[in-house]
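A.B. asks:
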Amino acid sequence: MAVRICDWKHGKKWVYSITYDEALIELHERAVPIHEAFGIPGHMEAVAGHIGEIRRLGASSYNGFRHMTGEEMKEMVDRGWGVGNHSWSHEVIQPDMLDRELREAKEVLEEAIDGPVDLYCSPGNNTNMADHVLEACREYGYLGAMSLTDALNRPGDELFWLNRTALHDQFYEPFYSEFDPYRNIRHAQADGGWIIDYCHCPLDEAVHRNKDCTADQLRRRFDAVVEEGGEDVWCAVPEEAVFYHLTRRHTTLTTAAETADERRYRLNLDGLSDRVTCRALTLDADVPAAWCRYPRVRVNNQPMPVSVVRPGVLRVTVDVEDGMELVYSAKG
0 MAVRICDWKH
10 GKKWVYSITY
20 DEALIELHER
30 AVPIHEAFGI
40 PGHMEAVAGH
50 IGEIRRLGAS
60 SYNGFRHMTG
70 EEMKEMVDRG
80 WGVGNHSWSH
90 EVIQPDMLDR
100 ELREAKEVLE
110 EAIDGPVDLY
120 CSPGNNTNMA
130 DHVLEACREY
140 GYLGAMSLTD
150 ALNRPGDELF
160 WLNRTALHDQ
170 FYEPFYSEFD
180 PYRNIRHAQA
190 DGGWIIDYCH
200 CPLDEAVHRN
210 KDCTADQLRR
220 RFDAVVEEGG
230 EDVWCAVPEE
240 AVFYHLTRRH
250 TTLTTAAETA
260 DERRYRLNLD
270 GLSDRVTCRA
280 LTLDADVPAA
290 WCRYPRVRVN
300 NQPMPVSVVR
310 PGVLRVTVDV
320 EDGMELVYSA
330 KG
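Position 14, counted from 1, in the sequence shown is what numbering that gives the first Met the number 0 calls 13; the numbers after and before it change by one each time, with no gaps.
#1: Among all the DSSP beta bridges, which residues are the ones paired with residue 264?
#2: Can you tell me which of the three DSSP states residue 72 falls into?
#3: Could you tell me how far apart the beta carbons of residue 264 and residue 280 are, in whole angstroms, since I believe they sit closer than 8 Å?
#4: Determine whether the beta carbon atoms of residue 272 and residue 142 lie at a separation below 8 Å.
#5: Determine the direct distance from the alpha carbon of residue 203 to that of residue 76, and round the result to whole angstroms.
#6: In chain order, what residues of the same chain have a beta carbon less than 6 Å from the beta carbon of residue 154, not counting five sequence neighbours either side?
#7: Under the rule that 16 or more other beta-carbon atoms within 10 Å means buried, what is residue 131, buried or exposed?
#8: Can you check which of these residues, 224, 120 and 91, is closest to residue 82 by C-alpha distance?
#9: Can you check which of these residues, 290, 269 and 146, is closest to residue 259 by C-alpha distance?
#10: Considering only the alpha carbon of each residue, which of 29, 195 and 135 lies closest to residue 206?
#11: For residue 317 versus residue 303, is the C-beta spacing smaller than 8 Å?
#12: Pick out the complete beta strand (DSSP E) segments inside the region 103-128, 3 residues or longer, and give them in chain order.
#13: In the DSSP assignment, the alpha helix (DSSP H) including residue 244 goes from what residue to what residue?
#14: Contact check, residue 195 vs residue 145 under 8 Å by CB: the rounded distance?
#15: Rounded to the nearest angstrom, what separates residue 283 and residue 314 at their Cα positions?
#16: Taking C-beta to C-beta, are residue 398 and residue 15 nearer than 8 Å?
#17: Near residue 187, which residues of its chain fall below 8 Å by C-beta distance, leaving aside the five closest residues on each side in sequence?
#18: Thinking C-beta only, is residue 169 closer than 8 Å to residue 220?
#19: Quick check on the DSSP output: what are the complete alpha helix (DSSP H) runs of length 4 or more inside the region 142-174, in order along the chain?
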């Protein structure tokens, strides 16, 4: 009998996340009601040095908008959203700026929201995904880093270069690609991939056509994700997918015993960061057909909910602990 760790939680076929650069309070006006209607969580990339301030950063199209306060971000976290560090200043991060842009910014954000900040999100463009920046991210305890690269993320990919798809009304020259609510969805379905969308603050009209979508376009995107994804898509904040990635990579599964009526397996964790606070894994097991009539699975001698995925395959989602025992058995 074989046991496999699924690529994605609950055995989902692909994953969808969405991020909002700058963490602007104006998100409440249009984006939050759409998220609530579809039940899809969002993720804010906050500029730590500008928490609660009116935006005045260079020639930004969003100058005059307001960055959320810590309390306002905490309210969003209570809704199921996540928060990432979008740097301290939103400038190009030089080697002598690393401590403030990455370490201090992370600490300030964590204090503001009274919770962990596990992801870095590159401000501006991929210049801020330079080697010295990513090395510092690892040193300061981040679990991943998000770029501005239009591509999928896959179960075995590098977590310190997560790709994000621009959810914008129009791309920059020379391509000027128009808004596509189905962008990368078929690709994710075929490859078992993870889409991370990014935009800024969808309103009735896009603040900047090359940097944002409209509220109506956001709704159309969610319609496409839900309709095309059905039961196969896992809508999650990026941390959830990263936690799953890391738990899967650090888990080993060995056979402890096999009899005609029972199979015992041992799960071990090796070197998993303490910052991975959700350690759930979904496992599929090939079992004799008769075991599917009355499926029985125990974890550390406690019965667990189990589903029959298809004839001869049982699925269970468990919170992994080092040394835990997983037992499949026939009714008896």
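From the three backbone atoms N, C-alpha and C, an ideal C-beta is built for every residue, glycine too.
Since the structure is predicted, the reported quantities are computational estimates derived from the model, not experimental observations.
C.D. replies: Straight from the coordinates:
#1: Here residue 264 corresponds to residue number 265 of the sequence shown, with the count starting at 1. Residue 264 pairs with 254 and 325.
#2: Along the sequence shown, read from residue 1 onward, the residue named residue 72 stands at position 73. Correct three-state label for residue 72: helix.
#3: Taking the sequence shown and counting its residues from 1, the one referred to as residue 264 is at position 265. Taking the sequence shown and counting its residues from 1, the one referred to as residue 280 is at position 281. Actually they do not touch by this definition, with Cβ atoms about 12 Å apart.
#4: On the sequence shown, position 273 is the one that residue 272 refers to. On the sequence shown, position 143 is the one that residue 142 refers to. For residue 272 and residue 142, yes; Cβs fall inside 8 Å.
#5: In the sequence shown, counting from the first residue as 1, residue 76 sits at position 77. In the sequence shown, counting from the first residue as 1, residue 203 sits at position 204. Approximately 25 Å, taken between the alpha carbons.
#6: The residue you call residue 154 lines up with position 155 of the sequence shown. Hits under 6 Å: 6.
#7: Numbered from its first residue, the sequence shown carries residue 131 at position 132. Result: exposed.
#8: As a position in the sequence shown, residue 82 is number 83, starting the count at 1. Ranking 224, 120 and 91 by Cα distance to residue 82 puts 120 first.
#9: If you number the sequence shown from 1, residue 259 lands on position 260. It is 290.
#10: Here residue 206 refers to the residue found at position 207 of the sequence shown. Of the candidates 29, 195 and 135, the one whose C-alpha sits nearest the C-alpha of residue 206 is 29.
#11: Position 318 of the sequence shown, counting from 1, holds the residue named residue 317. Position 304 of the sequence shown, counting from 1, holds the residue named residue 303. Yes, the pair counts as a contact, with Cβ atoms nearer than the cut-off.
#12: 118-120
#13: Indexing the sequence shown from 1 puts residue 244 at position 245. From DSSP, the alpha helix (DSSP H) with residue 244 extends over 237-248.
#14: Looking up residue 195 in the sequence shown gives position 196. Looking up residue 145 in the sequence shown gives position 146. Yes, they are in contact, since the Cβ atoms of residue 195 and residue 145 sit about 7 Å apart, within 8 Å.
#15: For this step, residue 283 is matched to residue 284 along the sequence shown. For this step, residue 314 is matched to residue 315 along the sequence shown. Going by the C-alpha atoms only, they are around 5 Å apart.
#16: Residue 398 cannot be examined here, being either before or after the span of the chain that is shown, 0 to 331.
#17: Along the sequence shown, read from residue 1 onward, the residue named residue 187 stands at position 188. Excluding sequence neighbours, residue 187 sits near 13, 14, 15, 151, 193 and 194.
#18: Walking along the sequence shown from the start, residue 220 turns up at place 221. Walking along the sequence shown from the start, residue 169 turns up at place 170. Contact flag unset, no.
#19: none
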